[in-house]
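Contents: one structure, followed by commentary.
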Amino acid sequence: MSASPTSPSPGGVLSVAGVEAARAWIADALDLPEAALEVEVVRRRAWGDIWRVEAGARFWFKAPHPRLAREVPLRERLQVRAPGAVVPLVAAHRDRGWQLTEDAGPTLAVRARDDAGMPRPDVGPGLYGNLARALGAVQQEVSAEDLARLGLAEFDPMRAVETFEREAAPFRALPADHPTHCNAEAHRGATTTLAGLVRRWEEAVGTGLPLGLDHNDAHGGNAFVRDGRVVLSDWGDAVIGHPFASLRALLVPLRNTFGAEVVPAVRRAYLEAVGAGSPPSAQEETLLDLAMMLAVPTRLSAWGTLQDEDAWAEHGDWIATLWWEAETPIGEVTVP
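Note that the sequence shown covers residues 1 to 336 in this note's numbering.
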């Protein structure tokens, strides 16, 4: 059993007062006395606290980092636009970003493995194909204009060098011995590579390709199966970008778990979902590769937004690898 929420352990976002307020808020949302709640702290991390709540039925409570509170209005919008493809909210606190949802069962990532934790090649790739289709369906229900009104940051592939400069700045300013210090060599290599990718992007699409919803964390741990359909959750890192960039967080773990041979089918499932069922064209395949490679600043933003040097150090391999692998073909990168 994890630590009681009445005495939070280090590493999360809720103070003692915050814990007390959260318990009261959950009880009010469920119209129950606080004494009727059984709460277990499942996770306390720099980007948020997760509780399991037993109250006749099972619920999940999420208290995100304050800079990720924007997830609530986005989830509310998606719940209206794509109700069958997102995990619905039971209650939400817009100011604090708190979210309460009903239990949706095991994550897709858990379903894709057996009881011993080993990958299930007969099941897993198909589940990820369905995740890709669900993601594509959701993305078509909101526009960049919708997302801008919700305050999401913009990451245009055409401006990848500029956005990388912005997102890498806090890491460049770190002491040289910090695990996520972005030194001059790494910075120079990443910006040079991104500039070349932008030129290839321009050649492939020109300047008129519309932006849209980039989930920016669409892996199997953030998806569930409900009534036979994949539903997505955890939209806190979402940005305005090219929708294809979302596949980076999905395909890299998929390849690392099940092998490169399963990736083409999942790519095809996604491209067909966003292309009204038409077989993917060579241009779409190229754009998908480029969008995922140009997502380096977008992925970096998910870490930088925390403004937490200790958290950066703890997860240094995930962060620094983004710039060191900027020139690596997307089929060979090791971190999403």
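Think of the CB as a built atom: it goes at the ideal place given N, C-alpha and C, for glycine as much as any other residue.
Three or more Cβ pairs closer than 8 Å define a contact, and the segment 54-72 meets that threshold against the segment 95-107.
Proximity to F164 across L14, V266, A295, A311 peaks at A295, based on C-alpha coordinates.
When DSSP states are grouped into helix, strand and coil, D28 belongs to the helix group. Looking from the CA of S246, the closest CA among E203, E327, S278, R299 belongs to R299. Restricted to the segment 90-150, the beta strand (DSSP E) segments that are unbroken, complete and at least 3 residues in length are 91-93, 98-102, listed in chain order. In the three-state reduction of the DSSP assignment, L232 falls in the strand class, which pools E and B.
Counting only runs of at least 3 residues, the segment 217-298 fully encloses the following beta strand (DSSP E) elements, listed from N- to C-terminal order: 223-226, 229-232, 239-241. The shortest CA-to-CA distance from L14 to any of P264, E309, G126, R45 is the one to R45. If you look at F164, you'll find it in the alpha helix (DSSP H) that goes 160-172. With fewer than 16 other Cβ atoms inside 10 Å of its own Cβ, L32 counts as exposed.
Its chain contains P73, L74 as the residues whose beta carbon lies nearer than 6 Å to that of L150, once the 5 sequence neighbours on both sides are disregarded; these appear in chain order. According to DSSP, residue pairing for F59 in a beta bridge involves V53, E102. Secondary structure note for V198: its alpha helix (DSSP H) is the uninterrupted segment 184-205.
Per the C-alpha coordinates, the member of G56, G12, P336, K62 positioned closest to R23 is K62.
For S301, the closest C-alpha among the options R52, E40, A169 is that of A169. Nearest neighbour of V263 by Cα position, chosen from E54, H219, A29, G129, turns out to be G129. Under DSSP, G212 shares a beta bridge with G241. Annotated three-state conformation of P64 is strand, per DSSP. The beta carbons of V138 and V252 sit no closer together than 8 Å. For V41, the enclosing beta strand (DSSP E) begins and ends at 38-45. Counting the other CB atoms within 10 Å of its CB gives P336 a total of 16 or more, which places it among the buried residues.
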